[in-house]
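Undergrad:
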Amino acid sequence: MLDPKGLFVVASVIVAFHPEFLTKIDRVYVVQCYYMEMEKIITKEIQVKMPPPALQTQQVPMPVCRYEVLDGSPEGPPVFYATIGQMVYHKWTCDTETENQFCMVVHSCTVDDGNGDRVELIDSKGCAKDKYLLQNLDYVSDLMVGKEAHVYKYADRQSMFFDCDITLTIKEPSQQFCDVPMCPDPPRRKRSVNETRLLEDMSNKTNVERRELTVELEKRFTINKEQIENEGWFSSNFNIYQSDVCMSTLGLSTVAFVNLLMISSSTLFLYKACRPSSTTK
1 MLDPKGLFVV
11 ASVIVAFHPE
21 FLTKIDRVYV
31 VQCYYMEMEK
41 IITKEIQVKM
51 PPPALQTQQV
61 PMPVCRYEVL
71 DGSPEGPPVF
81 YATIGQMVYH
91 KWTCDTETEN
101 QFCMVVHSCT
111 VDDGNGDRVE
121 LIDSKGCAKD
131 KYLLQNLDYV
141 SDLMVGKEAH
151 VYKYADRQSM
161 FFDCDITLTI
171 KEPSQQFCDV
181 PMCPDPPRRK
191 RSVNETRLLE
201 DMSNKTNVER
211 RELTVELEKR
221 FTINKEQIEN
231 EGWFSSNFNI
241 YQSDVCMSTL
251 GLSTVAFVNL
261 LMISSSTLFL
271 YKACRPSSTT
281 K
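Mapping of the sequence shown onto full-length UniProt numbering: residues 1 to 281, in sequence order.
1) Which runs of the beta strand (DSSP E) at least 3 residues long sit entirely within the region 3-89? Give them in chain order.
2) Just to confirm, is the Cβ distance from residue 143 to residue 103 under 9 Å?
3) Could you check how far apart the C-beta atoms of residue 68 and residue 91 are, in whole angstroms? I think they sit under 8 Å.
4) Look up residue 274 in the DSSP assignment and say whether it is helix, strand or coil.
5) Rounded to whole angstroms, what is the Cα-Cα separation between residue 163 and residue 89?
6) Thinking residue 66 and residue 114 are a contact (beta carbons under 8 Å), I'd like their distance in whole angstroms, please.
7) Can you check which of these residues, 82, 254, 141 and 25, is closest to residue 100 by C-alpha distance?
8) Using three-state DSSP, classify residue 257 as helix, strand or coil.
9) How about the region 118-137 and the region 172-188: do they share at least three Cβ pairs that are nearer than 8 Å?
10) Any idea which residues DSSP pairs residue 118 with across the strands?
11) Can you tell me where the beta strand (DSSP E) holding residue 165 begins and where it ends?
12) Just the Cα atoms here: how many angstroms apart are residue 8 and residue 20?
13) With H, G and I counted as helix, E and B as strand and the rest as coil, what does DSSP make of residue 182?
14) What whole-angstrom Cβ distance do residue 94 and residue 63 have, given they're in contact under 8 Å?
15) In angstroms, rounded to a whole number, what distance separates the CA positions of residue 37 and residue 3?
16) Exposed or buried, which one is residue 30 when buried takes at least 16 other CB atoms within 10 Å?
17) Assign residue 93 to one of three DSSP states: helix, strand, or coil.
18) For residue 141, does the three-state DSSP call read helix, strand or coil?
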């Protein structure tokens, strides 16, 4: 075994001076060649990059939302004129071509008389502010919200304007139900002198612009003057009942004194009117 490794080649070379015979001057040369084996590692760096993924784009149309005030139930006809105490259904819906993809939250709802006197019904978190005006909303489905309420009005105005904001969010693939506002029971609205002309600045931003959603933001309630003048209108629209009256001791004494004074005056007047006139002799 050759060491180092290699290749050994032997060859005989004959040099003849006559083309047909061998002579004494002919020579034979033995040629030996050794090729040593060389071991060398050659490396070459090759950078392999993954092909970029194909970008698939698809424009999803935004839902078209609307706000309706219906008569009594979610399937009732739209209401534009109403009477005080009438049951109506506030309904917010969004229509979309793709199912199970969007979630909606109704918030920042106000009622306005048209002259800047604005009262907040639903706050920026989607919770009711006054249970006598509007309770916490019912989220019927991902894109439908509603609540029943009785009609009310400003004392000196015939028209009312409702204004609400709608926030749309993308529903996660693993999300079964949409997140809805977790609200406590709304308190009763406290009345005060400073609250008679309450103005609130509604500067809350929403995730969806109204002009893109084409949300109908105003519904009007009008009570005609002719309806009020009709006989029996108040009895059919208002509940009139008696209740006990609480009065302080000073007030009760004042009322008793006034009644006693009126009775005494009436008795004295009747006595003078009925007494026969005396004749002079």
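Think of the CB as a built atom: it goes at the ideal place given N, C-alpha and C, for glycine as much as any other residue.
TA: Short version:
1) 6-15, 27-36 and 64-71
2) yes
3) 5 Å
4) helix
5) Using only the alpha carbons, I get a separation of about 15 Å.
6) No, residue 66 and residue 114 are not in contact; Cβ-Cβ is about 21 Å, not under 8 Å.
7) 141
8) helix
9) yes
10) 112
11) Residue 165 -> beta strand (DSSP E) spans 161-170.
12) 33 Å
13) coil
14) 4 Å
15) 10 Å
16) exposed
17) strand
18) strand
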